[in-house]
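Engineer: The sequence shown: position 176 = 444 (the working numbering), numbered continuously. All C-beta atoms, glycine included, are put in the ideal place defined by N, C-alpha and C.
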Amino acid sequence: MYVGRFVVVGPGIGAYRVSSRSFPNRQVVERDGTLTVGPTPDAPETDNPYIAYNCVREGGDYVVVGNGSQVDPIAEKLDMGYTPRDALAEILLALDYEKDDYNTPRIAGVVGADEAFIGIVRKDALLVEEVTEPTLVATYEEDDPRAFDLSADSAADAARELYDHEFEHAVCAAATTVDADVEIAFYNGE
269 MYVGRFVVVG
279 PGIGAYRVSS
289 RSFPNRQVVE
299 RDGTLTVGPT
309 PDAPETDNPY
319 IAYNCVREGG
329 DYVVVGNGSQ
339 VDPIAEKLDM
349 GYTPRDALAE
359 ILLALDYEKD
369 DYNTPRIAGV
379 VGADEAFIGI
389 VRKDALLVEE
399 VTEPTLVATY
409 EEDDPRAFDL
419 SADSAADAAR
429 ELYDHEFEHA
439 VCAAATTVDA
449 DVEIAFYNGE
């Protein structure tokens, strides 16, 4: 099944996977503690504004994971002292779903050591929930948050587990763990 991009978050752990039929030539790179999705060196030129963005970034005592430009302002709101719920809701509402050919939802999660929140803004709804177990939301088909069996304990294992998940068209994955320290990792299928 093709579900597009998806996030899985739970207390202490979060992960994001790029799945794509249209733009498979992407990778995750680390830049100053932030994970960024961008084109591979051999990717064809495009003016599509939705293919390059930060996908994992720290904000306050939390880490934000998501499928687009909403990651940065959510992290900035957390730095300003917003609660995770309010940061997610305000930014997802303000940016709305992507105005592409598919009305792609924006998805994001906020991960703390002891709590996690997940959100999606679709053409027909804005949902933001606190979650107590690993929970998935995707841009297509799985666009209502639901429990997800994530067995990884480390960021590297979470990135690999999401990349290897049975959903179709895996491109790259990124993940974080949050406890006394923040760990980030990515997997580009290599």
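Three or more C-beta pairs under 8 Å: does that hold for the segment 351-360 against the segment 300-311?
Structural biologist: no
Engineer: Among the candidates E326, G282, L404 and L418, whose CA atom is the shortest distance from the CA of G272?
Structural biologist: If we check each option's Cα against that of G272, L404 comes out closest.
Engineer: Since S287 contacts F435 with CB under 8 Å, what's their CB separation in whole angstroms?
Structural biologist: 6 Å
Engineer: Contact between the segment 416-432 and the segment 440-456 is defined here as three or more beta-carbon pairs at a separation below 8 Å; is this criterion met?
Structural biologist: yes
Engineer: Considering only DSSP beta bridges, list what C440 is partnered with.
Structural biologist: V286
Engineer: Let me know the beta strand (DSSP E) ranges lying completely inside the segment 296-341, each 3 residues or longer, listed in chain order.
Structural biologist: 302-307, 321-327 and 330-334
Engineer: Helix or strand or just coil, what does DSSP make of R273?
Structural biologist: coil
Engineer: Counting only beta-carbon atoms, is V305 nearer than 8 Å to chain D?
Structural biologist: Here there is only one protein chain, and chain D is not present.
Engineer: Please state whether DSSP places Y365 in a helix, a strand or coil.
Structural biologist: Reduced to three states, the DSSP call for Y365 is coil.
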